[in-house]
């Protein structure tokens, strides 16, 4: 149980393109989802907390107009990187928090984004 | 604010040898503690967590960790490692009363040599 699917797993696109990444909890409902960014050989940095039915909460230094987050249902959150540039190239990982007390975050397999 | 320090960026060990990956944390409030494993080009998989109770926590794949409140540590151990344990390991904390955001350590690259 507790499977989180992230799609696409890899995307390569031209500079200026907008890219949408989906994060789905397949077998549980997730009121809260998180979006992380990971640079090569580094740790995960939290970008934003996505709450179903409300606006996402962004961490300091993360541009909300650049990284649009939508959490329209209890099983789906999307991250759209708008007008992507090479410096946005990274590994993006989502996680979902099962509703309930003391539940751990369950992670997707990540999306490798390469902007040419 | 919380912070997590993983003292070793890389740990090479021989197959079937024991291993300990060190983790220290800093927090002014009570926290939950986690260890996650990341295989290449994948997300994170939960190895184990400490919420309360017994300070010795057993997880998947033969790993265990011990919470030491006085030393603010949560070191991960395995008595005998396998080639398949080669991966990146992350220690993380989250505040008990809060939005359940995770703060990660820098990660430790565990390499198992035959």
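Residue numbers (my numbering), protein chains in the order written: chain A, 66 to 181; chain B, 271 to 384.
We treat Cβ as the ideally placed atom computed from N, Cα and C, and that holds for glycine.
Best match in 88(A), 161(A), 109(A), 108(A) for proximity to residue 97(A) [C-alpha to C-alpha]: 161(A)
Is the shortest distance between the beta-carbon of residue 344(B) and the beta-carbons of chain A less than 7 Å? no
Taking the straight line between their C-alpha atoms, what separation do you get for residue 349(B) and residue 288(B)? Taken atom to atom, the span from the alpha-carbon of residue 349(B) to that of residue 288(B) is near 4 Å.
In whole angstroms, give me the CA-to-CA distance for residue 69(A) and residue 170(A). Their Cα atoms are separated by approximately 10 Å.
Contact under 7 Å by Cβ, residue 99(A) with residue 114(A): yes
Along chain B, which residues have their Cβ under 8 Å away from the Cβ of residue 169(A)? 304, 316, 319
Run through the stretch 93-140 of chain A for me and flag every whole beta strand (DSSP E) of 3 or more residues, listed as ranges in chain order. 95-103, 109-116, 132-138
For residue 280(B), decide whether its Cβ has a neighbour in chain A, counting only Cβ atoms nearer than 7 Å. No, its Cβ sits nowhere closer than 7 Å to a Cβ of chain A.
Give the range of the beta strand (DSSP E) segment to which residue 336(B) is assigned. 334-338
What residues from the stretch 100-113 of chain A come within 9 Å of chain B, judged by C-beta to C-beta, listed N to C? 101, 103, 106, 107, 108, 109, 110, 111
Which full runs of the beta strand (DSSP E) of 3+ residues lie inside the stretch 134-179 of chain A, going along the chain? 141-146, 155-163, 170-172
Please classify residue 319(B): is it buried, with 16 or more other beta-carbons within 10 angstroms of its beta-carbon, or exposed? A residue is called buried when at least 16 other Cβ atoms come within 10 angstroms of its Cβ; residue 319(B) meets this threshold and is buried.
Other residues of its chain near residue 342(B): CB distance less than 7 Å, five sequence neighbours each side excluded: 294, 295, 296
Using a Cβ cut-off of 8 Å, pull out every chain B residue sitting near residue 158(A), in sequence order please. 313, 314
Please report whether the beta-carbon of residue 172(A) lies at a distance below 7 Å from any beta-carbon of chain D. The chain inventory of the structure shown lacks chain D, comprising the protein chains A and B.
Residues that residue 90(A) bridges to, as DSSP identifies them: Residue 90(A) is bridged to 69(A).
Out of 384(B), 382(B), 381(B), 377(B), state which residue places its alpha-carbon closest to the alpha-carbon of residue 305(B). 377(B)
Which same chain residues end up closer than 7 Å to residue 284(B) when comparing Cβ atoms and leaving out the 5 residues on each side of it in sequence? 383
Residue 137(A) and residue 180(A) - do their beta-carbons sit closer together than 7 Å? no
Between the Cα of residue 303(B) and those of 353(B), 333(B), 362(B), spot the shortest distance and give me the residue it belongs to. 362(B)
Taking just the CA atoms, how far does residue 178(A) sit from residue 102(A)? Cα to Cα, residue 102(A) sits roughly 10 Å from residue 178(A).
Span separating the alpha-carbon of residue 126(A) from that of residue 286(B): 44 Å
When you compare each of 84(A), 118(A), 107(A), 121(A) to residue 279(B) by their alpha carbons, which one comes out closest? 107(A)
Give a yes or no on whether the minimum CB-CB distance between residue 175(A) and chain B is below 7 Å. yes
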